[in-house]
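Undergrad: Here it is, the structure in full.
Residue numbers (our numbering): -12 to 330.
Structure (structure tokens):
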């Protein structure tokens, strides 16, 4: 903690320098690091003071043989235990990119219109979860569904440990419900895939050759009226060796869209190469990978009963509406704990 306080002081002093604000990327990285350190130091100091207060109450109760303080002491200890558990969880997130921003992609799968509607429901669920954590979100690409929902979307999630937490959501999500798009109101099963990669900055080397790229511009889609983009400002980049395609149509400037698309490509290539290395190591150790993109991780049942169950941790709840409103923490936290125990 002393080292964190020292680093925080040094970074705050660095922001006073006249030339500090000239480098936009440096400003963003420094401010994010300051926010992380300040949060950790404040959390620790508040918890330390809380424990001291409880210790004082215990001593007072012992000296005066006063049982009336018992309820306050128990409540205080419960609060401390809960906050310590959150600190412990954060200590588990010490991976190379756990503190990074996250790039979250959702793709509708089997199930037609129902699957596209399901992908839209998942997008809303994650946006609500991000709001609850005060994470900033930017929808950099989205393709609307034929009748409802979305076919796919890419969202940049900005905030400390965004990737650390959201990595738990990678996989296939399954929905079972009475279809609102079926005239006979039959039960339908729909699938949507979620992929999460860390946002990678320029300090991480990713080998991208210009000749390996095909860059296309096209007219961004819009809702109509004055906001329709009348120029070919949207950008699609295809990485020919891997077949990875990224696109961005959020900005009016073609240059800005290209910059964001290249950032997405760097992150996805880095994640692909990392996953391939991990898979090769797992084969060498004769170990099964914990999770691969494409594996079903969670089931959301709305009919004939209501239940959300994570198939990796067996954590489940009957409060489906709360989960779809963003109450994902129990699922994410239990997965991260399981992952830490396995390691």
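Glycine is no exception: its CB is placed at the ideal position from the N, C-alpha and C atoms.
Along the chain, where does the alpha helix (DSSP H) containing residue 321 start, and where does it finish?
TA: In the chain shown, the residue the question calls residue 321 occupies position 334. Looking at the DSSP string, the run of the alpha helix (DSSP H) that includes residue 321 is 316 to 329.
Undergrad: Check whether the segment 99 to 111 touches the segment 138 to 148, taking contact to mean three or more Cβ pairs, one atom from each stretch, closer than 8 Å.
TA: The segment 99 to 111, when compared against the segment 138 to 148, does touch it at the 8 Å Cβ threshold.
Undergrad: Whole angstroms is fine: what's the gap from residue 62's alpha carbon to residue 68's?
TA: Within the chain shown, the letter at position 75 stands for residue 62. Within the chain shown, the letter at position 81 stands for residue 68. Their backbone Cα atoms lie some 10 Å apart in a straight line.
Undergrad: Could you check where the beta strand (DSSP E) with residue 55 kicks off and where it finishes?
TA: Here the question's residue 55 lines up with position 68 in the chain shown. Careful: residue 55 lies outside any beta strand (DSSP E) and carries neither H nor E.
Undergrad: Along the chain, where does the alpha helix (DSSP H) that runs through residue -4 open and close?
TA: Taking the first residue of the chain shown as position 1, residue -4 is located at position 9. Taken as a continuous stretch (DSSP letters only), the alpha helix (DSSP H) holding residue -4 covers -11 to 1.
Undergrad: Which runs of the beta strand (DSSP E) at least 3 residues long sit entirely within the segment 154 to 181? Give them in chain order.
TA: Segments of the beta strand (DSSP E) lying fully in the segment 154 to 181: 158 to 165.
Undergrad: Here's the rule I'm using: 16 or more other beta-carbon atoms within 10 Å means buried, otherwise exposed. How should residue 287 be labelled?
TA: Mapped onto the chain shown, residue 287 falls at position 300. It is buried - the Cβ of residue 287 has at least 16 other Cβ atoms within 10 Å.
Undergrad: Where DSSP assigns a beta bridge to residue 94, which residues make up the other side?
TA: As a first step, residue 94 is located in the chain shown; it is residue number 107 there, counting from the start. In DSSP, residue 94 forms a bridge with 139, 180.
Undergrad: Please work out which residues of its chain come closer than 6 Å, Cβ to Cβ, to residue 151, disregarding the five sequence neighbours upstream and downstream, and give them in chain order.
TA: On the chain shown, residue 151 is found 164 positions in, with the first residue counted as 1. Once the five neighbours on either side are set aside, the close Cβ partners of residue 151 are 80, 85.
Undergrad: Does the segment 157 to 176 come close enough to the segment 117 to 128 that 3 or more CB-CB pairs lie under 8 Å?
TA: Touching, no, given that fewer than three Cβ pairs across the two stretches are closer than 8 Å.
Undergrad: Considering residue 101, what are the terminal residues of the alpha helix (DSSP H) in which it resides?
TA: Within the chain shown, the letter at position 114 stands for residue 101. First-last of the alpha helix (DSSP H) with residue 101: 99 to 119.
Undergrad: Determine which residues share a DSSP beta bridge with residue 130 and list them.
TA: Sequence index remark: in the chain shown, residue 130 carries index 143 (1-based). Per DSSP, 139.
Undergrad: Quick one: residues in its chain with C-beta nearer than 6 Å to the C-beta of residue 70, no 5 flanking neighbours on either side, listed in chain order?
TA: Mapped onto the chain shown, residue 70 falls at position 83. Only 34 meet the Cβ criterion.
Undergrad: Name the DSSP beta bridge partners of residue 124, please?
TA: Residue 124 sits at position 137 when you count from the first residue of the chain shown. In DSSP, residue 124 forms a bridge with 144.
Undergrad: The beta strand (DSSP E) that contains residue 200, what's its start and end?
TA: Position 213 of the chain shown, counted from the start, is the residue given in the question as residue 200. Where residue 200 is concerned, the enclosing beta strand (DSSP E) stretches over 200 to 205.
Undergrad: With a CB to CB cut of under 6 Å and the five nearest residues on each side skipped, what residues in its chain are close to residue 310?
TA: Along the chain shown, one-based indexing puts residue 310 at 323. So the list reads 295, once near-sequence residues are dropped.
Undergrad: Provide the residue span of the beta strand (DSSP E) that contains residue 233, from first to last.
TA: Sequence index remark: in the chain shown, residue 233 carries index 246 (1-based). Here the beta strand (DSSP E) through residue 233 covers 231 to 235.
Undergrad: Of all the options 160, 115, 99, 148, which has the alpha carbon lying nearest to the alpha carbon of residue 138?
TA: Taking the first residue of the chain shown as position 1, residue 138 is located at position 151. The option with the nearest alpha carbon to residue 138 is 99.
Undergrad: Does residue 322 pass the burial test, meaning 16 or more other C-beta atoms within 10 Å, or should it be called exposed?
TA: In the chain shown, the residue the question calls residue 322 occupies position 335. Buried: at least 16 other Cβ atoms inside 10 Å.
Undergrad: CB-CB under 6 Å to residue 212, same chain, minus the five flanking residues each way: which ones, in chain order?
TA: Within the chain shown, numbered from 1, the residue matching residue 212 stands at position 225. Below a pLDDT of 50, predicted positions are generally treated as unreliable, and residue 212, at 40, falls in that range; no measurement from the model is reported.
Undergrad: Leaving aside the five residues before and after residue -3 along the sequence, list all residues of the same chain whose C-beta is less than 7 Å from its C-beta, in chain order.
TA: Here residue -3 corresponds to residue number 10 of the chain shown, with the count starting at 1. None.
Undergrad: Grab the span of the beta strand (DSSP E) containing residue 221 for me, first residue to last.
TA: For this step, residue 221 is matched to residue 234 along the chain shown. Segment 221 to 226, the beta strand (DSSP E) holding residue 221.
Undergrad: Per DSSP, what are the beta-bridge partners of residue 286 in this structure?
TA: Locating residue 286 in the chain shown gives position 299, where the first residue counts as 1. DSSP, once it has assigned bridges, lists 161, 296 as partnering residue 286.
Undergrad: In or out: residue 297 buried (at least 16 other Cβ within 10 Å) or exposed?
TA: In the chain shown, counting from the first residue as 1, residue 297 sits at position 310. Buried, because 16 or more other Cβ atoms sit within 10 Å of the Cβ of residue 297.
Undergrad: Excluding the five sequence neighbours on either side, which residues of its own chain have a C-beta within less than 8 Å of the C-beta of residue 278, listed in chain order?
TA: Taking the first residue of the chain shown as position 1, residue 278 is located at position 291. Summary for residue 278: the model assigns pLDDT 30, below 50, so the residue's position carries little reliability, and this model does not support an answer.
Undergrad: By the 10 Å Cβ neighbour count, where 16 or more other Cβ atoms means buried, how is residue 104 classified, buried or exposed?
TA: Taking the first residue of the chain shown as position 1, residue 104 is located at position 117. That one is buried.
Undergrad: Expressed to the nearest angstrom, what Euclidean distance is found between the alpha-carbon atoms of residue 261 and residue 301?
TA: Start at 1 with the first residue of the chain shown, and residue 261 comes out as number 274. Start at 1 with the first residue of the chain shown, and residue 301 comes out as number 314. Roughly 28 Å separates the two Cα atoms.
Undergrad: If you check the beta carbons only, do residue 186 and residue 90 fall under 8 Å apart?
TA: As a position in the chain shown, residue 186 is number 199, starting the count at 1. As a position in the chain shown, residue 90 is number 103, starting the count at 1. Taking 8 Å as the Cβ cut-off, residue 186 and residue 90 qualify as a contacting pair.
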